[in-house]
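Colleague: Please find one structure pasted underneath; my questions will follow.
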Amino acid sequence: MLKTASILFRIGVIVVILAVAFLVYGVLFATRDDRAPKRDLEESGRVVRVMEVRALEIPRQWEGYATTRALRATDVRSQVQARVVERLVEDGAAVARGDVLVRLERTDFELRLQATDARVASISAEIDGLEVETSRLEERIALAEDEFEFEKWDYETLIGLRERGSGNDREVKAAKARLDRVQRELATLRQTLELIPSRRHALQARLETEQAQRRINVQDLERTEIVSPIDGVVQSIGVDAGDLLTVNTFVARVVDLTAIEVPVQLPVGAQDSVGVGDVVALEAGERDWEGRVERIAPESDPRSRSLTVFVVVRQQEADLLPGQFVRATVRSGRVRPTIIVPRRCAVGDRVLVVRENEIHSVAVEVGHHLEGSFDPAPAETQWVTVRQGLSEGDLVATSGLDALADGMFVSEVIR
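Under this note's numbering, the first residue of the sequence shown is numbered 653, with each subsequent residue one higher.
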């Protein structure tokens, strides 16, 4: 019995000792100084490398992807029906504007032109003949008028003699018949002369028709030589010698490689910052090119919520080819002061800032991502813009970020 009481006494003492120990620990924990342990742990505090925040005038960058195409390319087609007699170029050949690609049979077109020339010459001769005819008619009319006056005088004289009893009716009737004949001849000559202007107009109209036909014949004859309409490179030739071509038959495709167009789709929000003339960096593999925005589509795509800008790369050598898939970075020409920090410093929309030798975790509103080297920290290449949360002059921690925490003491900063 005494043994059992001794054991219970010992257990009670142990419980009391543990209770007192927990009570003392709770009091010490509740009244602890948070900074003192850190300072003890860090001895004289941490040394932190920082970047001073500054508002920089940085152009907004927009990224997109696109497939290149030639700004100028043309499908050359036949404009007359004829047989191919000669093919002068092959696929991949460089050509200049006006260079002959294909020659067609031209005999039929030469004969048509000769026939038209003959008709033009015939009508021109008829028009020239009207001048001679007019002159002769005027002479004949003058003679007929003289003859008419004479016959009229003779007729009136015979009438007077008959009234005085010296003449007879037969002579009067004969004179009247001669007067009527001369009058009819004079009327016919005058009518013929009056019709000459209308005949001239009709011949002139026929001449103009034939001259127009001649121009068509000359044009068709010229079209037997199918030429390149632009400077460029032959993509493909679709005909061979002996082929019979009809109107609008595909002959060749010529591509100008000195100007390449890139239709880049950007987020619709880019419409306020992207403008004509903005510089665009293009990348494909390890190659890069520079172009400029030359046109902007007036409407955005409601399905993809994207805006299309047309970038043109002008080049002397054929470095950038149509059909290449490229990455495009459009640099807006409209700049405004922007606060940026290294991308690795903004974790979970928070940035560590050193203020009064203490680390502060500051909530920020992050904007868009940037690539490049900027003055605050030239070694950094990945950046984000900060819309809210930071001010010029703030010191953003850039080293030892994994080991830093809110409230930690900083003994020295390195800029």
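No residue lacks a Cβ here, since even glycine has one placed at the ideal position from N, Cα and C. From a predicted model like this one, the values you see are computed outputs, not experimental measurements.
1) What residues are listed by DSSP as bridge partners for residue 958?
2) Quick one: give me the first and last residue of the beta strand (DSSP E) that residue 1018 is part of.
3) From residue 813 to residue 791, what does the alpha carbon distance come to, in whole angstroms?
4) Less than 8 Å between the CB atoms is what I'm expecting for residue 910 and residue 967, so what's the real figure, rounded?
5) Using 10 angstroms around the beta-carbon of residue 669, count the other beta-carbons present and answer buried if the total reaches 16, otherwise exposed.
6) Exposed or buried, what is residue 805 when buried is set at 16 or more other beta-carbons lying within 10 Å of its beta-carbon?
7) Relative to the C-alpha of residue 1027, which residue among 1062, 707, 672 is closest?
8) Any idea what DSSP makes of residue 816, helix, strand or coil?
9) If you scan the stretch 744-773 from start to end, which runs of the alpha helix (DSSP H) of 4 or more residues do you find wholly inside it?
10) On the DSSP bridge list, what partners appear for residue 898?
11) Have a look at residue 692 and residue 1017 and give me their C-alpha separation to the nearest angstrom.
12) Output the distance between the C-alpha atoms of residue 694 and residue 1060, rounded to the nearest integer angstrom.
13) Determine the contact status of residue 975 and residue 719, defining contact as a CB-CB distance below 8 Å.
14) Which whole-angstrom value is the C-beta distance of residue 756 and residue 732, which I expect to be below 8 Å?
15) If you drop the 5 nearest sequence neighbours on each side, which residues of the same chain put their C-beta closer than 7 Å to that of residue 879?
16) Measuring straight from C-alpha to C-alpha, what distance separates residue 690 and residue 960?
17) Closer than 7 Å by C-beta to residue 763: which residues in its own chain qualify, once you throw out the five before and the five after it? Chain order, please.
18) Only counting the same chain, and skipping five residues up and downstream in sequence, which positions put a Cβ closer than 7 Å to that of residue 799?
19) Rounded to the nearest angstrom, what separates residue 881 and residue 1029 at their Cα positions?
20) Since residue 904 and residue 888 should fall inside the 8 Å C-beta cutoff, what is the C-beta to C-beta distance between them, to a whole number of angstroms?
21) For residue 1022 and residue 1037, I'd like the C-alpha separation in whole angstroms.
22) Taking the alpha helix (DSSP H) that residue 1040 belongs to, which residues open and close that run?
23) Could you check if residue 784 is buried or exposed, using at least 16 other CB atoms within 10 Å of its CB as the buried criterion?
24) So, are the CB atoms of residue 925 and residue 1013 less than 8 Å apart?
25) Can you name, in chain order, every residue of its own chain whose Cβ lies under 8 Å from the Cβ of residue 883, other than the five neighbours on each side?
26) Only counting the same chain, and skipping five residues up and downstream in sequence, which positions put a Cβ closer than 6 Å to that of residue 986?
27) Sort 777, 837, 675, 700 by Cα distance to residue 1048 and report the nearest one.
28) Are residue 735 and residue 841 close, meaning C-beta to C-beta below 8 Å?
29) Measuring alpha carbon to alpha carbon, tell me which residue in 973, 739, 995, 789 is nearest residue 847.
30) Kindly indicate which residue of 1053, 1058, 742 has the alpha-carbon position closest to the one of residue 893.
31) Out of 674, 672, 710, 666, which one is the CA nearest neighbour of residue 991?
32) Anyone know if the C-beta pair for residue 916 and residue 963 falls short of 8 Å?
33) Could you give the C-beta distance for residue 786 and residue 873, rounded to a whole number, given that I count them as a contact under 8 Å?
34) Just curious, the beta strand (DSSP E) that residue 849 is in, first and last residue?
35) Give me the DSSP bridge partner(s) of residue 647.
36) I'd like the list of long-range same chain contacts for residue 923, defined as Cβ closer than 6 Å, with 5 residues on each side in sequence excluded.
Modeller: Answer, in terms of the structure:
1) Residue pairing from DSSP places residue 958 in a beta bridge opposite 919, 953.
2) First-last of the beta strand (DSSP E) with residue 1018: 1017-1023.
3) About 33 Å.
4) Contact flag correct, Cβ pair sits at about 6 Å.
5) Exposure of residue 669 is indicated by the presence of fewer than 16 other C-beta atoms within 10 angstroms of its C-beta.
6) Looking at its Cβ environment, which holds fewer than 16 other Cβ atoms inside 10 Å, residue 805 is exposed.
7) Nearest of 1062, 707, 672 to residue 1027, Cα basis: 707.
8) Looking at residue 816 - three-state DSSP - the assignment turns out to be coil, as it is neither helix nor strand.
9) For the stretch 744-773, not a single whole alpha helix (DSSP H) run of length 4 or above is found.
10) Under DSSP, residue 898 shares a beta bridge with no residue.
11) Confidence is the limiting factor: at residue 692 the pLDDT is only 47, short of 50, which leaves the residue's position unreliable, though a coordinate-based value still follows. So the alpha carbons of these two residues sit roughly 35 Å apart.
12) Unreliable positioning characterises residue 694 in this predicted model, as indicated by a pLDDT of 46, which lies under 50. A coordinate reading is not provided.
13) Their beta carbons are under 8 Å apart, which means residue 975 touches residue 719 by this criterion.
14) Their Cβ separation, rounded to whole angstroms, is 7 Å, which keeps residue 756 and residue 732 in contact under 8 Å.
15) The beta carbon of residue 879 sits closer than 7 Å to the beta carbons of 750, 751, 752, 753 from its chain, once the five residues preceding and following it are set aside; these are given in chain order.
16) The pLDDT assigned to residue 690 is 44, lower than 50, so where the model puts this residue is not dependable, and the model offers no usable value.
17) So the list is empty, once near-sequence residues are dropped.
18) Around residue 799: 834.
19) Approximately 53 Å between the Cα atoms of the pair.
20) About 7 Å; that satisfies the 8 Å criterion.
21) Cα to Cα, residue 1022 sits roughly 8 Å from residue 1037.
22) Run containing residue 1040: none in the alpha helix (DSSP H); it sits in the beta strand (DSSP E), 1034-1040.
23) Exposed is the call here.
24) No.
25) 747, 748, 749, 908, 910.
26) Closer than 6 Å at Cβ, skipping near neighbours: 925.
27) The residue with the shortest Cα to Cα distance from residue 1048 is 700.
28) For residue 735 and residue 841, no; Cβs fall outside 8 Å.
29) For residue 847, the closest alpha carbon among the candidates 973, 739, 995, 789 is that of 789.
30) Scanning 1053, 1058, 742 for the CA closest to the CA of residue 893 turns up 742.
31) The shortest Cα separation from residue 991 among 674, 672, 710, 666 belongs to 710.
32) Yes, they are a contact pair.
33) About 37 Å separates the two Cβ atoms, so there is no contact after all.
34) That residue, residue 849, is in no beta strand (DSSP E); its alpha helix (DSSP H) goes 821-874.
35) What is shown of the chain runs 653 to 1067, which leaves residue 647 out entirely.
36) Correct list, in chain order: 959.
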